[in-house]
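Just below is one structure, and these are the notes that go with it.
Protein chains: 4
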Amino acid sequence: MGETKPARTGRPRSEFCQQAILRAALDLLAEEGLAGFTIEAVSARSGVARTTIYRRWLTRGALAVDSFRHAVSAEFTLSPTASAVADLRTAYLGMIRLLQGQHGRILASILAEGHSDPTTIGAFTDGYLIPARVLPLHILHRGIKTGEFRADVDPQFVMELLFGAVYRRLLLRQPLDEAWGNAVFDLVLTGCTPQPQQASQTMAA
Amino acid sequence: MGETKPARTGRPRSEFCQQAILRAALDLLAEEGLAGFTIEAVSARSGVARTTIYRRWLTRGALAVDSFRHAVSAEFTLSPTASAVADLRTAYLGMIRLLQGQHGRILASILAEGHSDPTTIGAFTDGYLIPARVLPLHILHRGIKTGEFRADVDPQFVMELLFGAVYRRLLLRQPLDEAWGNAVFDLVLTGCTPQPQQASQTMAA
Amino acid sequence: MGETKPARTGRPRSEFCQQAILRAALDLLAEEGLAGFTIEAVSARSGVARTTIYRRWLTRGALAVDSFRHAVSAEFTLSPTASAVADLRTAYLGMIRLLQGQHGRILASILAEGHSDPTTIGAFTDGYLIPARVLPLHILHRGIKTGEFRADVDPQFVMELLFGAVYRRLLLRQPLDEAWGNAVFDLVLTGCTPQPQQASQTMAA
Amino acid sequence: MGETKPARTGRPRSEFCQQAILRAALDLLAEEGLAGFTIEAVSARSGVARTTIYRRWLTRGALAVDSFRHAVSAEFTLSPTASAVADLRTAYLGMIRLLQGQHGRILASILAEGHSDPTTIGAFTDGYLIPARVLPLHILHRGIKTGEFRADVDPQFVMELLFGAVYRRLLLRQPLDEAWGNAVFDLVLTGCTPQPQQASQTMAA
DNA sequence: CTTTAATCGAGACGGTACGTCTGGTCTTGTT
DNA sequence: AACAAGACCAGACGTACCGTCTCGATTAAAG
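Residue numbers (the numbering used here), protein chains in the order written: chain A, 3 to 207; chain B, 3 to 207; chain C, 3 to 207; chain D, 3 to 207.
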């Protein structure tokens with residue numbers, strides 16, 4: 003990888019600094035949101051010089067995304083069952099549970115920051131969204147094969163609906179709870195499962 | 003109204019300034035997003051003194067929300083037809099069409115700003131969301147009465163799903179197009195219309 | 003006078019306002035000096051509208067000078083004795099006593115303000131200094147006639163020395179006390195009274 | 003000195019900036035007095051960022067005093083003669099000559115600023131007045147020893163009278179000229195030199 | 001007994017400067 | 001090289017007053 007050998011010579015980067023910075027960034031994002039999430043503040047809180055942070059992250063957003071990944075990583079392990087629907091629901095509710103606390107606030111920060119800085123959403127998409135989707139997409143594809151889901155269902159599209167509702171609540175500072183998550187899941191699922199008669203045709207008429 | 007007599011005395015506020023400020027704010031939000039949306043910049047662009055802006059809006063977010071309302075107001079007129087479903091779809095697609103351009107960018111700005119400033123989402127909810135929902139909610143209630151929608155459908159919840167997907171795309175800078183809008187609408191609708199057999203029960207099993 | 007008929011018609015100016023403004027101005031100058039002496043503050047404290055103050059005084063300095071005059075006026079009555087020197091000393095010490103408190107602070111304000119605004123020192127000179135000097139100058143002239151003072155003494159110059167020392171102490175925030183005042187008076191007097199042999203000639207040699 | 007090692011680390015302060023700021027401050031004070039002497043203006047004129055100025059001087063007055071010192075420093079060299087009186091007169095007239103131009107205006111600015119800000123007069127006293135007095139006080143003490151001045155003369159007090167008159171003229175915007183300076187000096191001197199008979203006793207009587 | 005004309009309170013308005021905060025860059029010496 | 005420390009430029013923040021202006025509401029004397 004190009005990443006493995008960026009610096010062969012000179013003093014190596016301190017792993018200790020890395021941890022201190024990510025920790026401080028995470029705390030600040032959780033406590034005060036974007037407003038308090040300032041390179042200056044991260045530096046002060048972590049005890050690492052400002053220069054060091056700038057050297058490692060080009061933008062505030064990149065640091066935020068890395069902090070989020072650092073916090074969420076290794077949170078997920080899922081033991082698959084026979085039912086793809088059940089597995090998906092478990093994964094979805096797990097995510098909602100996670101986002102109820104600090105992590106939801108941080109995710110919202112990233113989305114907000116992304117509005118002014120395209121590279122942030124790039125980093126978020128590539129660094130988190132896509133990897134995180136591998137598992138649920140896999141479940142969906144499995145379900146399509148077993149017939150639990152309709153064949154014409156677009157897995158990406160399903161994810162979009164499921165999480166669109168979540169993002170909206172996060173940004174509007176409305177609470178996420180499991181009952182609500184189940185309701186969202188149920189409604190979306192209804193549109194994904196095989197049914198005797200297609201409803202949408204009638205409507206378009 | 004209680005609003006008509008807030009200040010009987012003193013020099014009245016200039017309506018000209020009001021327009022100039024809202025216009026400038028709108029343009030800046032559309033062109034540069036939150037980053038360029040600075041009171042200083044609004045002042046410079048509108049030719050109105052900074053103090054005058056501060057006098058009228060307590061926060062940047064409040065100004066953003068007002069700009070958005072000012073721009074969107076009187077965009078909507080809907081001639082109802084016999085079908086509640088068709089009316090709702092028309093309204094939804096109309097909104098999507100509107101948000102494809104500048105207005106989408108501005109709405110995203112408001113959501114982003116709202117992350118750091120709770121009053122902004124308050125202003126957005128009270129000043130825009132709730133009033134704007136009156137019409138679609140009315141359509142939904144009508145549809146429930148006529149049996150086009152299932153009786154146990156929560157209109158608020160339906161709106162949440164429909165627009166959650168939209169907000170998510172706006173924030174992730176993904177394009178809104180009508181085909182996509184129709185697909186969202188179809189899927190959500192499937193979960194709202196009467197069906198021979200309830201799907202979700204089977205699934206939860 | 004040109005002053006008696008500036009406005010024959012219309013609503014006459016309120017004497018009550020005049021008093022309230024001068025009072026408030028005086029208090030502010032005494033309490034906070036020039037820094038707190040703001041038209042806004044005078045307005046707030048006096049309860050009189052800002053416009054009204056601007057209508058009556060063209061500059062801040064003019065108001066300050068008027069306040070000082072208003073406060074000092076009618077403080078002085080002097081019953082002359084046989085000795086011009088004694089009368090002058092009495093007047094001088096009386097002035098020092100007066101300037102020990104608030105009035106000294108206010109006088110310093112006027113001098114300070116005058117630095118940035120020439121009209122203020124004009125107003126001070128014409129409105130206070132010159133009238134206030136009439137009495138001491140009269141005493142000095144009397145003393146010259148009686149031979150208590152040397153014939154070649156310039157009364158204005160004597161006043162300058164006596165009060166230069168006072169102004170200096172006021173501006174450098176050093177205390178004025180009567181012992182000091184007496185010392186100043188004695189030293190200056192030595193240079194004004196007839197003496198057997200002229201000292202200064204020897205010195206210049 | 004404790005001053006030599008206040009900050010060993012970090013980027014050292016730019017001497018170039020220091021000079022540019024002091025120069026600009028001096029020019030502004032001379033040209034427009036306190037009114038135009040604004041941190042903003044100093045920054046604009048010197049080309050140095052506002053923050054840099056704030057970092058180095060806590061108050062406007064402190065900067066003014068430093069500017070004055072910077073301008074006056076190394077103006078004075080005096081070659082002592084046999085006569086203490088002559089030396090003192092030379093020093094006094096030298097100072098008056100210096101204060102006739104820009105420097106007088108600047109000194110007045112400092113006194114004026116000092117009225118609202120005690121730290122300014124503190125800085126002025128400690129940073130300029132006291133050091134500048136060393137030489138004349140020395141002359142006076144010498145003169146007392148040699149009998150040119152009376153033994154009971156207080157040197158500080160003499161200086162006070164000499165310069166009180168100067169300050170007064172500066173603040174009242176009256177011109178300083180050498181003839182006047184000589185007259186002040188003569189009069190004050192008369193009170194300091196040995197005389198056949200004490201005048202003040204007669205007066206108090 | 002109306003005009004008439006100035007005063008008064010209230011507050012909007014365009015400015016200017018304040019002092020603070022953060023961003024990003026740079027220049028030191030130290031590790 | 002990386003790192004800590006901190007100077008530096010740039011620019012927006014929100015506040016405080018400035019002096020001017022527009023209102024409507026008083027208030028006396030003149031018509």
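No residue lacks a Cβ here, since even glycine has one placed at the ideal position from N, Cα and C.
If you run the structure through DSSP and keep just helix, strand and coil, what is residue i?
i	result
Phe-70/C	helix
Gly-12/D	coil
Thr-83/D	coil
Ala-46/B	helix
Val-155/C	coil
Cys-19/A	helix
Gln-104/C	helix
Leu-174/C	coil
Phe-165/C	helix
Phe-39/D	coil
Leu-28/C	helix
Gly-96/C	helix
Gly-193/A	coil
Asp-89/D	helix
Glu-5/A	Caution is warranted here: a pLDDT of 38 is assigned to Glu-5/A, below 50, making its placement in the model unreliable, and the coordinate value is therefore given only provisionally. Coil, per DSSP.
Leu-60/A	coil
Asp-179/B	coil
Ala-266/A	This structure gives no information on residue 266/A, because the portion of chain A shown stretches from 3 to 207.
Classify residue i: buried if its beta carbon has 16 or more other beta carbons within 10 angstroms, exposed otherwise.
i	result
Arg-107/C	buried
Ser-69/B	buried
Thr-40/A	exposed
Ile-132/B	exposed
Glu-150/C	buried
Arg-13/C	exposed
Leu-164/D	buried
Gly-183/C	buried
Gly-145/C	buried
Gly-166/A	buried
Arg-91/C	buried
Ala-181/B	exposed
What residue from the options has the CA that sits closest to residue i's CA?
i	options	result
Arg-175/C	Ile-123/D, Thr-83/D and Phe-165/D	Ile-123/D
His-143/D	Val-160/D, Tyr-94/D, Arg-47/D and His-72/D	Val-160/D
Thr-148/B	Ala-46/B, Ala-84/B, Leu-28/B and Ser-75/B	Ala-84/B
Ser-45/B	Pro-82/B, Leu-24/B, Glu-34/B and Glu-33/B	Leu-24/B
Phe-126/B	Leu-109/B, Pro-138/B and Asp-156/B	Leu-109/B
Val-155/C	Ser-81/C, Thr-192/C and Phe-18/C	Thr-192/C
Arg-57/D	Gln-20/D, Ala-27/D, Leu-80/D and Leu-90/D	Gln-20/D
Gln-104/D	Arg-91/D, Pro-120/D, Ala-27/D and Val-50/D	Ala-27/D
Pro-120/B	Leu-173/A, Gly-145/A and Ser-75/A	Leu-173/A
Glu-17/B	Leu-113/B, Ile-141/B and Thr-54/B	Thr-54/B
Val-186/C	Leu-80/D, Gln-158/D and Arg-10/D	Gln-158/D
Within its chain, find whatever has a CB closer than 6 Å to the CB of residue i; leave out the 5 residues flanking it on each side and keep chain order.
i	result
Arg-171/B	Leu-178
Trp-59/D	Leu-65
Gly-38/C	Leu-30
Pro-196/B	Arg-152
Leu-137/B	none
Val-50/A	Cys-19, Ala-22 and Ile-23
Ala-73/D	Leu-28
Among the residues of its own chain, which have a CB less than 8 Å from the CB of residue i, if the five just before and after it don't count?
i	result
Glu-42/C	Arg-52
Gly-4/D	With a pLDDT of only 36 at Gly-4/D, under the threshold of 50, the placement of this residue in the model should not be trusted; the figure read from the coordinates follows. For Gly-4/D, where only same-chain residues beyond five positions count, there are no Cβ hits under 8 Å.
Gln-199/D	Legend: pLDDT at Gln-199/D = 47, less than 50; position of this residue unreliable, value from coordinates given subsequently. Answer for Gln-199/D: no residue qualifies.
Counting only the same chain and skipping the five closest in sequence on each side, list residues whose C-beta sits under 7 Å from that of residue i.
i	result
Glu-115/D	Leu-36, Arg-62, Gly-63, Ala-66 and Thr-122
Arg-135/C	Met-161
Val-168/C	Ile-98, Leu-101 and Leu-178
Gly-129/C	Val-67 and Arg-71
At a cut-off of 7 Å, is residue i close to the ligand GTP when judged by its beta-carbon and the heavy atoms of the ligand?
i	result
Ile-141/D	The model on display carries no ligand, and the ligand GTP is accordingly not part of it.
- Task: Could you tell me which uninterrupted alpha helix (DSSP H) segments, each at least 4 residues in length, are contained entirely in the segment 115 to 158 of chain B, listed from first to last along the chain?
- Result: DSSP runs (the alpha helix (DSSP H)) wholly in the segment 115 to 158 of chain B: 120 to 126 and 132 to 148.
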